[in-house]
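J.: Chains as they are written, first to last, in numbering that gives the first Met the number 0: chain C, 0 to 74; chain W, 0 to 476.
Beta carbons: idealized from backbone N, C-alpha and C, even for Gly.
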Amino acid sequence: MEKSTNPKKPDLSNPELVLSLLEADQVVAAKQGSRFGRKKLSLRTRVILWGLRIYLVIMLVIVAISVLRALHGGH
Amino acid sequence: MAPREDKPKNRTYSAAQPTTESASATAFGRQLLGRLTHEDLDRAHDRWRVAQARSQGRGALSLQSLRLFWLLVGPGVLVFLGENDAPSMLSYAATGARYGIGFFAPFFILTFAMGFIVQEMTLRLGAVTHRGHAELIFDRFGRFWGLFSMGDLVLGNFLTLVAEFIGVRAGLSFFGVKPEVAIGSALLLVLAVITTGRYWTWERITMGLAICNCVFIPAALLAHPDWAELGRALATWKPFPRGDSGEIVLLVLSTIGATVTPWMLFFQQSAVVDKGMQPRDIPAGRADTLAGAAIAAVVAIAALLATAPLFRHGISAADFQAAQFAQALQPWIGHAGAALFALGILEAGLVAIITISTSSAYAFGEVFGTAHSLNRPFREGWPFYAILLGSACAAAGLVLIPHAPLEFIILVVNVIAVLAMPPALAFLLMLANDAELMGEHANNFWQNAAGVIVTVMLIVAGVGFGITTVFPGILAR
């Protein structure tokens with residue numbers, strides 16, 4: 000790391016110093032210019048994801064039933 | 000945007016090969032000269048301080064090592080103390096009031112251990128990939144699954160924010176503050192905190208607020224708990240709660256939902272990225288996450304102890320809201336203790352409003368490619384701040400609407416959080432095992448085993464809730 004002339008404060012006007020402190024993919028311009036590629040999902044993975052999604056939908060319906068019972072029971 | 004692999008020059012910083020090389024050391028990095036932003040400068044300043052502390056540290060307990068930990072602590076503490084939000088603290092209080100000191104005390108510790116296992120993965124993901132959780136899901140799994148994930152986050156966050164404002168309103172009502180004033184003051188606080196334009200400052204202010212979660216500890220001490228009873232409960236997990244099985248299962252689910260929720264995954268990973276953490280910071284990040292979980296667990300048990308007098312004296316707390324707990328506790332913990340309890344609910348709501356709305360803003364910014372950093376001044380990052388404030392204002396508005404279904408929201412918010420976790424954990428585990436992203440920092444066998452166990456436990460808890468709802472009394476003794 001390049002040393003600043005002031006040990007208590009870095010010279011942020013020096014872009015080389017700034018870049019020396021950050022990893023290459025931490026720089027905003029670098030991140031804006033690229034994305035990670037799509038991961039190929041196996042059949043098993045897609046089955047698991049769909050299964051969990053269906054589980055969530057069923058559970059939300061049950062939650063709604065539970066809440067309606069609680070609200071009506073309270074009245 | 001073009002996929003990374005179409006730009007061969009990007010290979011020098013591909014996250015598939017985690018690098019400790021600084022940007023200036025790579026040919027691609029040097030191309031970035033002249034394209035640095037305010038966000039980069041702020042982050043570099045924070046990294047400079049970390050580098051200074053690291054270079055001067057000698058030994059685990061040296062002053063500089065402690066300074067290094069101080070510089071790196073933050074996302075873990077905030078995520079766990081932010082999750083000790085108003086509905087969570089009320090869930091903990093409800094267990095003490097309904098069942099006294101018993102099963103739930105060690106159960107809280109178990110749930111926070113589960114939370115640590117999950118959050119540690121988000122720490123590694125953020126430190127290695129320098130990308131937020133929402134961004135990674137969209138990148139690796141596509142828009143279809145990304146939108147599902149975002150939908151869970153948006154729904155959960157909105158409902159939770161409403162519950163937080165209810166908590167703020169209830170906490171301040173103990174002191175005679177009108178709802179409109181309470182809600183407005185909370186919004187002003189959120190606005191004040193985000194105007195710093197600096198992640199470090201925002202983090203320190205929010206941590207200062209979050210540590211006030213510990214007011215439940217003196218409230219617990221004023222309840223003069225039976226320490227021997229607590230010790231027996233921690234050792235034996237007894238007595239088990241007795242009574243309506245549906246109510247017990249609901250409380251178990253609420254308790255789990257008070258410690259592991261989807262917004263935590265998105266928040267901590269994005270905060271780690273915004274803080275500029277790097278792979279070599281992972282050990283300190285683990286310590287930060289562990290500290291957050293430990294403090295939050297102690298406070299959760301304190302809330303249980305604070306309301307245990309209601310159980311001992313046979314006071315029914317079945318329908319208590321926040322302010323009612325504080326008022327009901329006055330005869331046994333005094334006005335000061337009750338005031339501390341009310342302040343704790345207020346603090347819990349305030350910190351959660353800040354952290355949860357920030358998690359929503361991070362996610363939107365990552366998905367739509369707009370600036371998403373607390374290091375951005377308002378004029379540069381206005382979409383990020385607009386989402387942050389807008390989500391808080393929308394929730395606040397609902398709380399002020401007469402006859403709004405607030406009771407419904409309080410009932411379901413933690414339960415929905417638990418139910419939404421298994422799909423969120425599936426994405427998390429896949430990302431944490433993605434060798435192209437994580438390289439040597441991908442999950443090992445034990446981390447995967449722990450993650451799968453947590454996921455299975457959440458599914459079992461959810462199914463248990465479903466069974467007792469559809470077949471009430473099936474577990475009756």
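Give every residue of the same chain whose Cβ lies closer than 6 angstroms to the Cβ of Y91 (chain W), excluding the five residues on either side of it in the sequence, and list them in chain order.
T.: The count along the second sequence starts at 1 and reaches residue 91 (chain W) at position 92. For Y91 (chain W), where only same-chain residues beyond five positions count, the Cβ hits under 6 angstroms are A299, A302 and L303.
J.: Distance cutoff 8 angstroms, beta carbons only. Does W69 (chain W) sit that close to anything in chain C?
T.: Within the second sequence, residue 69 (chain W) is the residue found at index 70, counting from 1. Not one chain C Cβ lies under 8 angstroms of W69 (chain W).
J.: Along chain C, which residues have their Cβ under 7 angstroms away from the Cβ of H44 (chain W)?
T.: Numbered from 1 along the second sequence, position 45 holds the residue referred to as residue 44 (chain W). Residues of chain C passing the Cβ test: P9 and L11.
J.: Taking 8 angstroms as the limit between beta carbons, can you name the residues of its chain near V26 (chain C), skipping five residues before and five after?
T.: As a first step, residue 26 (chain C) is located in the first sequence; it is residue number 27 there, counting from the start. Closer than 8 angstroms at the Cβ level, and outside the excluded window around V26 (chain C), lie L18.
J.: Taking its Cβ as the centre, do 16 or more other Cβ atoms sit within 10 Å of T235 (chain W), making it buried, or is it exposed?
T.: Residue 235 (chain W) sits at position 236 when you count from the first residue of the second sequence. Classification of T235 (chain W): exposed, given that the 10 Å Cβ count is below 16.
J.: Could you tell me the distance, in whole angstroms, from the CA atom of P240 (chain W) to the CA atom of T258 (chain W)?
T.: Here residue 240 (chain W) refers to the residue found at position 241 of the second sequence. Here residue 258 (chain W) refers to the residue found at position 259 of the second sequence. Their Cα atoms are separated by approximately 20 angstroms.
J.: Going by DSSP in three states, E38 (chain W) sits in which element: helix, strand or coil?
T.: Numbered from its first residue, the second sequence carries residue 38 (chain W) at position 39. Note: E38 (chain W) maps to helix in three-state DSSP.
J.: Pull up the distance between the alpha-carbon of V127 (chain W) and that of A270 (chain W), whole angstroms please.
T.: One-based indexing of the second sequence puts residue 127 (chain W) at position 128. One-based indexing of the second sequence puts residue 270 (chain W) at position 271. Rounded to the nearest angstrom, the two C-alpha atoms are 13 angstroms apart.
J.: Can you list the alpha helix (DSSP H) stretches of 4 or more residues lying completely in the segment 364-440 of chain W, in chain order?
T.: With a minimum length of 4 residues, the continuous alpha helix (DSSP H) runs that stay inside the segment 364-440 of chain W are 381-399, 405-431 and 434-437.
J.: Which chain C residues are close to E228 (chain W), counting only those with a beta carbon under 8 angstroms from its beta carbon?
T.: Taking the second sequence and counting its residues from 1, one reaches residue 228 (chain W) at position 229. Ordered by position in chain C, no residue passes the 8 angstroms Cβ test against E228 (chain W), which lies about 31 angstroms from the chain.
J.: For chain W, find out if any of its Cβ atoms is closer than 8 angstroms to the Cβ of L42 (chain C); answer yes or no.
T.: On the first sequence, position 43 is the one that residue 42 (chain C) refers to. It does not; no Cβ of chain W falls within 8 angstroms.
J.: Shortest alpha-carbon distance to V153 (chain W) belongs to which of W:A133, W:F140, W:V167 and W:F106?
T.: Taking the first residue of the second sequence as 1, we reach residue 153 (chain W) at position 154. When only C-alpha atoms are compared, the closest one is W:A133.
J.: What do you reckon, are the CB atoms on L328 (chain W) and T306 (chain W) nearer than 8 angstroms?
T.: Numbered from 1 along the second sequence, position 329 holds the residue referred to as residue 328 (chain W). Numbered from 1 along the second sequence, position 307 holds the residue referred to as residue 306 (chain W). Closer than 8 angstroms, so yes.
J.: Leaving out five residues on either side along the sequence, give the residues of the same chain with a beta carbon under 6 angstroms from the beta carbon of K38 (chain C).
T.: The residue you call residue 38 (chain C) lines up with position 39 of the first sequence. There are no such residues.
J.: Among W:L31, W:Q30 and W:D41, which has the Cα closest to the Cα of L11 (chain C)?
T.: Stepping through the first sequence from its first residue, residue 11 (chain C) is reached at position 12. Of W:L31, W:Q30 and W:D41, the residue nearest in Cα terms is W:D41.
J.: Determine contact between the segment 218-226 of chain W and the segment 423-443 of chain W, defined as no fewer than three beta-carbon pairs at a distance below 8 angstroms.
T.: Counting Cβ pairs under 8 angstroms, fewer than three are found: no touch.
J.: Assuming I386 (chain W) and F363 (chain W) make a contact with CB atoms under 8 angstroms, what is their CB distance in whole Å?
T.: Taking the first residue of the second sequence as 1, we reach residue 386 (chain W) at position 387. Taking the first residue of the second sequence as 1, we reach residue 363 (chain W) at position 364. With a Cβ gap of about 5 angstroms, I386 (chain W) and F363 (chain W) count as contacting.
J.: Decide yes or no for the touch test of the segment 260-269 of chain W against the segment 101-108 of chain W: beta carbon pairs closer than 8 angstroms, at least 3 of them.
T.: Not touching, per the Cβ criterion.
J.: So, for W199 (chain W): in the same chain, excluding its five sequence neighbours on each side, which residues have a beta-carbon less than 6 angstroms away from its beta-carbon?
T.: In the second sequence, the residue the question calls residue 199 (chain W) occupies position 200. Correct list, in chain order: D45.
J.: Quick check on the DSSP output: the alpha helix (DSSP H) that includes D280 (chain W) runs from which residue to which?
T.: As a first step, residue 280 (chain W) is located in the second sequence; it is residue number 281 there, counting from the start. Note, D280 (chain W): premise wrong, no alpha helix (DSSP H); not H, not E.
J.: Determine, using beta carbons only, whether V62 (chain C) comes closer than 8 angstroms to chain W.
T.: Along the first sequence, one-based indexing puts residue 62 (chain C) at 63. Yes - at least one Cβ of chain W is within 8 angstroms of the one on V62 (chain C).
J.: Tell me the DSSP secondary structure of R34 (chain C) in three-state form.
T.: Numbered from its first residue, the first sequence carries residue 34 (chain C) at position 35. Note: R34 (chain C) maps to strand in three-state DSSP.
J.: With a 10 Å radius around its C-beta and 16 neighbouring C-beta atoms as the bar for buried, classify Q118 (chain W) as buried or exposed.
T.: Reading the second sequence from its first residue, position 119 is the one you call residue 118 (chain W). Q118 (chain W) comes out buried.
J.: On the premise that P14 (chain C) lies in contact with L32 (chain W), defined as a C-beta separation below 8 angstroms, what is that separation, rounded to the nearest angstrom?
T.: Start at 1 with the first residue of the second sequence, and residue 32 (chain W) comes out as number 33. Start at 1 with the first residue of the first sequence, and residue 14 (chain C) comes out as number 15. Their Cβ separation, rounded to whole angstroms, is 5 angstroms, which keeps L32 (chain W) and P14 (chain C) in contact under 8 angstroms.
J.: Flag K46 (chain C) as yes if its beta-carbon sits less than 8 angstroms from any beta-carbon of chain W, otherwise no.
T.: Numbered from 1 along the first sequence, position 47 holds the residue referred to as residue 46 (chain C). As written in the sequence, residue 46 (chain C) is Val, which differs from the Lys given in the question. Taking Cβ atoms only, chain W never reaches closer than 8 angstroms to V46 (chain C), which makes this a no.
J.: Give me the chain D residues within the contact set of Q277 (chain W), using Cβ-Cβ distance strictly less than 9 angstroms, ordered along the chain.
T.: Within the model displayed, chain D is absent; protein chains C and W are what it includes.
J.: Distance, Cα to Cα, I136 (chain W) vs L122 (chain W)?
T.: Looking up residue 136 (chain W) in the second sequence gives position 137. Looking up residue 122 (chain W) in the second sequence gives position 123. Rounded to whole angstroms, I136 (chain W) to L122 (chain W) spans 15 angstroms at the Cα level.
J.: Buried or exposed for P421 (chain W), please, with buried defined as at least 16 other CB atoms from any protein chain shown within 10 angstroms of its CB.
T.: Residue numbering aside, residue 421 (chain W) sits at position 422 when the second sequence is read from its first letter. Counting Cβ neighbours within 10 Å, P421 (chain W) comes out buried, since at least 16 surround it.
J.: With distances taken from CA atoms, which of W:V161, W:M206, W:A423 and W:W262 is nearest P86 (chain W)?
T.: Along the second sequence, one-based indexing puts residue 86 (chain W) at 87. Nearest C-alpha to P86 (chain W): W:V161.
J.: Here's the rule: buried if 16 or more other CB atoms are within 10 angstroms of the residue's CB, otherwise exposed. What is V60 (chain C)?
T.: For this step, residue 60 (chain C) is matched to residue 61 along the first sequence. Exposed.
J.: Drop a sphere of 10 angstroms on the beta-carbon of K177 (chain W), count the other beta-carbons inside from all chains shown, and report buried for 16 or more, exposed for fewer.
T.: The count along the second sequence starts at 1 and reaches residue 177 (chain W) at position 178. Looking at its Cβ environment, which holds fewer than 16 other Cβ atoms inside 10 Å, K177 (chain W) is exposed.
J.: Excluding the 5 residues flanking K237 (chain W) on each side, which residues of the same chain have their C-beta closer than 8 angstroms to its C-beta?
T.: The residue labelled residue 237 (chain W) in the question sits at position 238 within the second sequence. So the qualifying residues of the chain are G101, F102 and R231.
J.: Chain C partners of R34 (chain W), CB-CB under 7 angstroms?
T.: Position 35 of the second sequence, counted from the first residue, corresponds to residue 34 (chain W). By Cβ distance, chain C contributes A28.
J.: Smallest Cα separation from E84 (chain W): which of W:L229, W:I352, W:T454 and W:G245?
T.: Stepping through the second sequence from its first residue, residue 84 (chain W) is reached at position 85. The amino acid occupying residue 84 (chain W) in the given sequence is Asp; Glu does not appear at that position. The shortest C-alpha separation from D84 (chain W) is found at W:I352.
J.: Residues of chain C with CB closer than 8 angstroms to the CB of D138 (chain W), please, in chain order.
T.: Position 139 of the second sequence holds residue 138 (chain W). Simply R34, F35, G36 and R37.
J.: Are any of the Cβ atoms in chain C nearer than 8 angstroms to that of P105 (chain W)?
T.: The count along the second sequence starts at 1 and reaches residue 105 (chain W) at position 106. So, not an interface residue.
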